[in-house]
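Those protein sequence lines, which keep their order, are chains A and B. With the working numbering applied, the first sequence covers 360 to 1048. With the working numbering applied, the second sequence covers 4 to 319. Cβ coordinates follow ideal geometry from the N, Cα and C atoms, glycine included. Please read these numbers as outputs of a predicted model, since none were measured by experiment.
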Amino acid sequence: MKKVGLLILLLLMLVACGGGDAADEPAAAQPAPVAEATAVPEEAAPAEEAVEVSAEVDVADIEAVRIAIVMPSTVTDLAWSQALYDALVRIQTEAGGEDMVEIAYTENMFNVTDAAAAIRDYAADGFNLVIAHGTQYGTSLFEIAPDFPETSFAWGTAVDTGSEMGLENIFAYEARAEEGGYVNGYLASLLSESGILGVVGPVEAGDAKLYIDGFVAGAIAANPDVKVNVSYTGSFGDTALAAEAANTHIAAGADVLTGSAQQVVGAIGAAKEKGVIWMGTQADQSPISEETVVASQLYNWDGVFSDIIKKHQAGIYGGTAYALTLANGGLVMSFSDALDADAVAAAMAEGDAIAAGDIDVNAVVAGEQTAVPAAEEAEMVYPELEPVRIALVIPSTTTDLAWSQSIYDSLAALQDHYGADNFEIAFSENMFNVTDAAAAIRDYADDGFNLIIAHGAQYGTSLFEIAPDFPETSFAWGTSTNFGADEGLTNVFSYDPRLEQGGYVSGVLAAYLTESGVIGLVGPVDAGDAKLQVDGFVAGVHAVDPDINVNISFTGSFGDTALAAEAANTHLAAGADVLTGSAQQVVGAIGVAKDAGVPWLGVQADQSSLAPDSVVATVFYNWIPTLLEMITSNQSGVYGGKSIQMTLANGGQQMIYADSLPAEAVEAAMAAEAGIIDGSIEIVAEPRN
Amino acid sequence: MNDQLTLMTIVLGIIHSGIRLATPYLYAAIGETFSQRSGVLNLGVEGVMLMGSFFGFYAVYQTGNPWLGLLAALVVGLLMGLIMGVVSITLKAEQGISGIGMYMFGLGLSSLLFKTMVGSVEGVEGFSELRFCVTDTLCLADVPILGDIFFNHSIVTYGAFALVPLAWWILNKTTWGLKVRAAGQNPEAVDSLGVNVDAVRYVSVMVGSALAGVAGASLSISLLGIFQENMTNGMGFTAVALVYFGSWRPYGVLVGALLFSGVNALQLWVQVLKLNIPSDVAVMLPYLLTIVALALPFRRSMQPAALTKPFERGEN
Chain A
360 MKKVGLLILL LLMLVACGGG DAADEPAAAQ PAPVAEATAV PEEAAPAEEA
410 VEVSAEVDVA DIEAVRIAIV MPSTVTDLAW SQALYDALVR IQTEAGGEDM
460 VEIAYTENMF NVTDAAAAIR DYAADGFNLV IAHGTQYGTS LFEIAPDFPE
510 TSFAWGTAVD TGSEMGLENI FAYEARAEEG GYVNGYLASL LSESGILGVV
560 GPVEAGDAKL YIDGFVAGAI AANPDVKVNV SYTGSFGDTA LAAEAANTHI
610 AAGADVLTGS AQQVVGAIGA AKEKGVIWMG TQADQSPISE ETVVASQLYN
660 WDGVFSDIIK KHQAGIYGGT AYALTLANGG LVMSFSDALD ADAVAAAMAE
710 GDAIAAGDID VNAVVAGEQT AVPAAEEAEM VYPELEPVRI ALVIPSTTTD
760 LAWSQSIYDS LAALQDHYGA DNFEIAFSEN MFNVTDAAAA IRDYADDGFN
810 LIIAHGAQYG TSLFEIAPDF PETSFAWGTS TNFGADEGLT NVFSYDPRLE
860 QGGYVSGVLA AYLTESGVIG LVGPVDAGDA KLQVDGFVAG VHAVDPDINV
910 NISFTGSFGD TALAAEAANT HLAAGADVLT GSAQQVVGAI GVAKDAGVPW
960 LGVQADQSSL APDSVVATVF YNWIPTLLEM ITSNQSGVYG GKSIQMTLAN
1010 GGQQMIYADS LPAEAVEAAM AAEAGIIDGS IEIVAEPRN
Chain B
4 MNDQLTLMTI VLGIIHSGIR LATPYLYAAI GETFSQRSGV LNLGVEGVML
54 MGSFFGFYAV YQTGNPWLGL LAALVVGLLM GLIMGVVSIT LKAEQGISGI
104 GMYMFGLGLS SLLFKTMVGS VEGVEGFSEL RFCVTDTLCL ADVPILGDIF
154 FNHSIVTYGA FALVPLAWWI LNKTTWGLKV RAAGQNPEAV DSLGVNVDAV
204 RYVSVMVGSA LAGVAGASLS ISLLGIFQEN MTNGMGFTAV ALVYFGSWRP
254 YGVLVGALLF SGVNALQLWV QVLKLNIPSD VAVMLPYLLT IVALALPFRR
304 SMQPAALTKP FERGEN
């Protein structure tokens, strides 16, 4: 019997690592936090004091010099950091190799404190010139520089050499990226057939902001009707998000894309895949895709740093602010031979006009600011948050392509913005057993999490029992409108995606897409947001054509993929030529739609990765506004007592349309969206069975 | 409504769906039949199916070769069976609990591996339907009525149905089958004849588990062409119930699997046809039927006498 006891112990361990996997690895898939550059006030000041230098390497008669670079990304980032490193390597070659010019560098210094330590180490180690290659390093640099008066420091994007603070050993440098941005934008407008351009920016600051402002101004100068969609990823290095941003732009009709920071390698890949033109900046990105990277603004730091080295060796340790411009050759435009020669000639004429001073891009930007609503629209406003810890209890998994993934993805996007240190996420998956879920909820509360989200209507009873024991913890659950007011609870939020709205819009779309007059819907159970979807969908279809037959089947399960696939087959056999459905089970049904070549209308999460040609529209749950409302409320001392709806009007639901849809159908669907938002369409559920 | 649908379309639809849906149940339940006939109740089928499902998917995802996927699922199933064997046969653990342990282990590990090795739900080209084409345009699959029922399935589905008579033959007509049945009925007698009961049980559990792995792969690389965490969604447990339903006989299991899948396919049509039955009732039908069948009194007597009883040599 001893053996049996041992065995049960072993099994318990197995169970523990089997069932509890998710809770122990919160957000393992999250990318490392990326510190963001903060805009420095000096940024806005015009670079009057900027010194013009030649663009050529000019180091023929220098003495041996030791140079150190602290950079936010890597020397192979095909962007900001690589442009500088390549210039220094050219200087090194010209000057006679490593004996003459020693180059040391530290990469990936996204943490400013680490960067400060590296800067100080290099200075203490006797390097002659220490370059802090990012706006974010300025404060640290200004603290360190006074301790090493005979070491030269340089930083950028900046124009402030610290002379007002009495510092004499700092150089500042900037690239007037708006100039090349203007030329790229002008060319993009001429090349675009759809009249829609997409921009993938990192954060709205520094070099990226200059470039994008210039790009928008140039695009509008060439074609006042052009639409420039700008999206910021909130990160410099999130390649995947940049790729998604590019895909989004392409889906929105953009046929020329641009963007900046090292993240864009992802976007360039996405552009290449779709055969969409890309315009680069900073470094030469054409190695990724010769055919699609057709125009580039290249940063040439050769002249600037040749000059800095010579000044240093002449005993002038700082005090100069440099600018790369088209006029001084620090910015070089490079165009692919494959481009339309007339368009290139027109764009180069603009570039010459900028270089000659006939066009002042900053003035154009200032004057045109209000004419660019698209750029404003795309910005997401993130409130300041104190560090927050959020726990999520979900009935399926974070990769379910549906209900659970939709909220997890929004949490992950917020974490990406605020950083993992300030925004902790823990989650427990597969909590189909309500008792287990209750235990997990209580554990998270005990553990001091600020907001605990029980992501399913089934968890309500448990939540109402647990909440009173933790009055300063916020709890949230949905789909529900009940935040426990009757029970006297003050720390429960409820949330409620009004999926009948998105359902209605996709119903309208479906009515336009069907030729057979039969549409199939694969639901899980007739409750919650699945029920709302059905109600809205049927109403939307019948608003267009009351004779269309909507066949509805519920599988009775959220996760029975095989049965959902059979339900889809059944609908096809019954003549359906458009399919939709909800819950994580639908991945099975989507496969059937894909094989049969019929359109699928998705809800909750973006399912197009599974069948790009079949998933033609999605009612996408964007949880960010809801989550931010709960978090800010919690941090202001209001722990609950609200029911939050997710609607088309407040952006909690967003429609995604594929390019392949007929224009007429999309117009009708968008009209339905507008009607729901302004209240002119009222959705009335039809009685069923 | 739906008056354009002929009765024939509906009946064919139900049969076609039912046959496809029965595939994973057949592999899992026939496998479990071997295991239980030898005296070992393996409740971990669900976990083994998930592991087979993931590894089958992953092999195809990496190599594009569905046969390698099937092989991977088979091997993973064998290994899971070996673990179950060590726990329940050598260490003589309580079978029900160790099975639940296997389930949790399979569920957790397949999810973890999926998250780290794949990350998001992706599709693969697995086994497609054999259409039995004589020439480019002439396919048996297009023959009215018979085509859909008999000639429009993947090789994996045919395998599942071929397994039934094979399992019957092995269990009833081979020496090894006799040993399996005896080990589950009267292990002491088997032992007294010099046959190693534990070895027979090990092989049975491992074969059963390998088939459960294939059952999982039949979902991920044949029926659906995707992997999703926890995608078997209780099928493994239904398979165990089907073994009871089928009175531990392969043909009984076949009837149970077809009935269960057929009623499932039927309930989908009930909803599509908008028959005035609440969808909840339709969804309940297959389970209701299973419960009724399980409750039939005469079935108990057919249960292997030594099921769930670890064999302790020389105890009596």
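At a C-beta separation below 7 Å, A:S916 has these neighbours in chain B: N236. The residue from A:I462, A:Q656, A:A482 and A:L858 with its alpha-carbon nearest to that of A:E538 is A:Q656. Looking at the backbone, the Cα of A:I1036 and that of A:L858 are separated by about 13 Å. Taking C-beta separations shorter than 7 Å and ignoring five residues to either side along the sequence, the partners of A:G710 in its chain run V542, L685 and M692, following chain order. Within the region 576–644 of chain A, the complete alpha helix (DSSP H) runs of at least 4 residues fall at 598–610 and 623–633. Judged by DSSP in its simplified three-state form, A:E415 adopts coil rather than helix or strand. The continuous alpha helix (DSSP H) containing A:Q441 extends over residues W439 to A454. Among the residues of chain A, those whose CB is under 8 Å from the CB of B:N233 are S755, T756, N789 and G918, following chain order. Pairwise C-beta distances place the region 423–440 of chain A in contact with the region 638–646 of chain A, as three or more of them are shorter than 8 Å. Of all residues in the region 55–84 of chain B, none is placed with a Cβ closer than 8 Å to any Cβ belonging to chain A.
Within the same chain, Cβ atoms closer than 6 Å to the Cβ of A:V703 are found at F694, the five residues on either side in sequence being excluded. By the Cβ criterion, the region 924–936 of chain A is in contact with the region 953–969 of chain A, since at least three pairs of Cβ atoms, one from each stretch, lie closer than 8 Å. Counting along the chain, B:L71 sits inside the alpha helix (DSSP H) bounded by residues P69 to G88. Looking at the DSSP output, A:D855 sits in a beta bridge with A:Q1004. A Cβ-Cβ distance of about 12 Å is found for the pair A:I907 and A:L880, leaving them out of contact under the 8 Å criterion.
Among the residues facing chain B, A:S968 is included, as its CB has a counterpart in that chain under 8 Å away. Put simply, the region 517–535 of chain A does not touch the region 550–563 of chain A. Fewer than three CB pairs are less than 8 Å apart. With contacts defined by Cβ atoms closer than 8 Å, A:I1042 and A:G895 form a contacting pair. The beta carbon of A:A1024 sits closer than 7 Å to those of L868, Y871 and L872, all from its chain and outside the five residues before and after it, given in chain order.
A:I749 places its beta carbon less than 8 Å from that of A:I784. Distance from the Cα of A:F823 is smallest, within the candidate group A:E846, A:A804 and A:Y980, for A:E846. For B:S114, at least one C-beta of chain A is nearer than 8 Å to its own C-beta. For B:V275, the chain A residues whose Cβ falls inside 7 Å of its Cβ are N910, S912, T929, H930 and A933, in order along the chain. Counting only runs of 3 or more residues that sit fully inside the region 1002–1047 of chain A, the beta strand (DSSP E) segments are 1012–1016, in chain order. In this structure, A:A610 sits near A:I1015, with a CB-CB distance shorter than 8 Å.
Looking from the CA of A:L810, the closest CA among A:P1046, A:N687 and A:T985 belongs to A:T985. Remark: C-beta atoms of A:A576 and A:S548 do not approach each other more closely than 8 Å. Residues of chain A with a Cβ closer than 8 Å to the Cβ of B:G16 are, in chain order, N928, T929, A932 and A933.
According to the DSSP assignment, A:N910 belongs to the beta strand (DSSP E) that extends over N908 to F913.
From the beta-carbon of B:R40, no residue of chain A is found nearer than 7 Å; the closest lies around 24 Å away. Residue pairing by DSSP puts A:G557 in a beta bridge opposite A:N588 and A:L616.
Taking C-beta atoms as the reference points, A:W836 and A:Q963 fail to come closer than 8 Å. The distance from the Cβ of B:F130 to that of B:A144 is about 15 Å, inconsistent with a contact at the 8 Å cut-off.
The DSSP assignment places 819–825 and 858–872 as complete runs of the alpha helix (DSSP H) inside the region 808–881 of chain A, in order along the chain (cut-off: 4 residues). For A:Q994, the enclosing alpha helix (DSSP H) has its first and last residue at I983 to Q994.
The C-beta of A:Q943 comes closer than 8 Å to at least one C-beta of chain B.
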